[in-house]
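In the working numbering, the protein residues as written are 4 to 294. Heads up, the beta-carbon is just placed ideally off N, CA and C, and yes, glycines get one too. First the structure, in the form of structure tokens, and then the observations on it.
This is how it looks when you write it as structure tokens:
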């Protein structure tokens with residue numbers, strides 16, 4: 004059922020901003036799809052949290068991420084954009100990462116310039132590799148893709164280390180290689196967001212992390228500024244965590260959760276509908292009708 008990379012490339016080519024939301028598991032991704040969003044983002048932060056219960060500090064492996072991509076892409080009909088982090092090693096590992104993600108059904112991949120072990124882009128203590136090493140990663144990624152429609156997103160974390168002008172310079176060098184989208188991580192003001200949009204002439208991704216280093220703007224504001232993709236990367240995880248904490252609080256206090264103060268819940272019918280139980284239940288009937 005996975006979407007083809009050409010669907011994402013078509014979205015990049017048509018007018019309007021692409022709104023994407025991070026999903027840390029397949030059920031969340033289903034909700035994203037059913038809400039009408041055109042893409043879903045599978046990030047390292049959410050995957051590390053949901054799969055390992057650990058922070059985004061480079062602990063997730065290539066095979067774990069590729070498996071997560073495969074599970075998600077196989078269930079959806081909208082494109083999955085997946086976090087390739089640093090490519091999980093040198094240029095040979097970068098090529099393997101791109102091929103694994105592409106084979107797993109991703110429509111695009113992010114490749115960044117952090118040094119290993121990488122960290123969440125809004126954590127302190129990040130380190131970056133040289134511009135040359137990052138560009139070599141991107142060259143390797145571009146060379147590895149089998150389908151030319153598979154999207155390569157060049158992410159630079161250099162703003163936190165070298166400043167916004169250095170980050171823009173890196174982004175433009177990546178643009179010259181032929182990457183499809185540039186992503187300058189963690190601009191620290193609206194003026195910096197505007198400067199990136201003015202100086203980097205390529206489709207741009209804006210990371211709208213609630214509580215992060217970058218001011219939060221609406222998708223329409225980002226579109227007016229010149230951005231092509233707006234991503235809310237881990238807000239689904241934040242909401243899930245807050246809801247679970249409240250549910251557990253009520254259960255510990257009252258020994259039951261069918262109370263208004265336990266928070267909003269899907270009813271059982273809504274869960275079954277979201278998961279597609281009817282289509283699965285109808286399989287036997289359809290097959291029997293062919294006998």
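Every beta strand (DSSP E) of 3 residues or more that sits fully in the segment 141–208 is shown, in chain order, as 154–159 and 184–187. Taking the Cα of residue 24 as reference, the smallest distance to any Cα among 81, 164 and 92 is reached at 81. Residue 238 carries a helical assignment under DSSP once its states are collapsed to helix, strand and coil.
Residue 210 carries a strand assignment under DSSP once its states are collapsed to helix, strand and coil. By the criterion of at least three beta-carbon pairs nearer than 8 Å, the segment 18–38 is not in contact with the segment 252–259. Selection 152, 168, 137 and 146 evaluated against residue 158 yields 137 as nearest (Cα-Cα).
Annotation for residue 76: the continuous alpha helix (DSSP H) segment containing it runs 65–78. Residue environment analysis places residue 242 among the exposed positions, since fewer than 16 neighbouring C-beta atoms fall within 10 angstroms of its C-beta. Per DSSP, residue 41 lies in no alpha helix (DSSP H) and is assigned neither H nor E. A direct Cα-Cα distance of roughly 14 Å separates residue 123 from residue 238. Comparing alpha carbon positions, the residue from 265, 228 and 234 closest to residue 246 is 265. Contact annotation: residue 20 and residue 225 have beta-carbon atoms nearer than 8 Å. Pairwise C-beta distances place the segment 94–110 in contact with the segment 133–150, as three or more of them are shorter than 8 Å. In this structure the segment 69–81 does not touch the segment 114–130; the number of beta carbon pairs closer than 8 Å is below three. The beta-carbon separation of residue 51 and residue 152, rounded to 28 Å, does not stay under the 8 Å limit for a contact. In the three-state reduction of the DSSP assignment, residue 259 falls in the coil class. Here DSSP, grouped into helix, strand and coil, assigns residue 233 to strand. Distance from the CA atom of residue 291 to the CA atom of residue 276, rounded to whole angstroms, is 23 Å.
Note on residue 197: under 16 other CB atoms within 10 angstroms of its CB, so exposed under the neighbour-count rule.
Taking C-beta atoms under 8 Å as the contact rule, residue 121 and residue 164 fail to qualify, at a distance of about 13 Å.
The beta carbon of residue 215 is closer than 7 Å to those of 125 and 189 in its chain, skipping five residues each way along the sequence.
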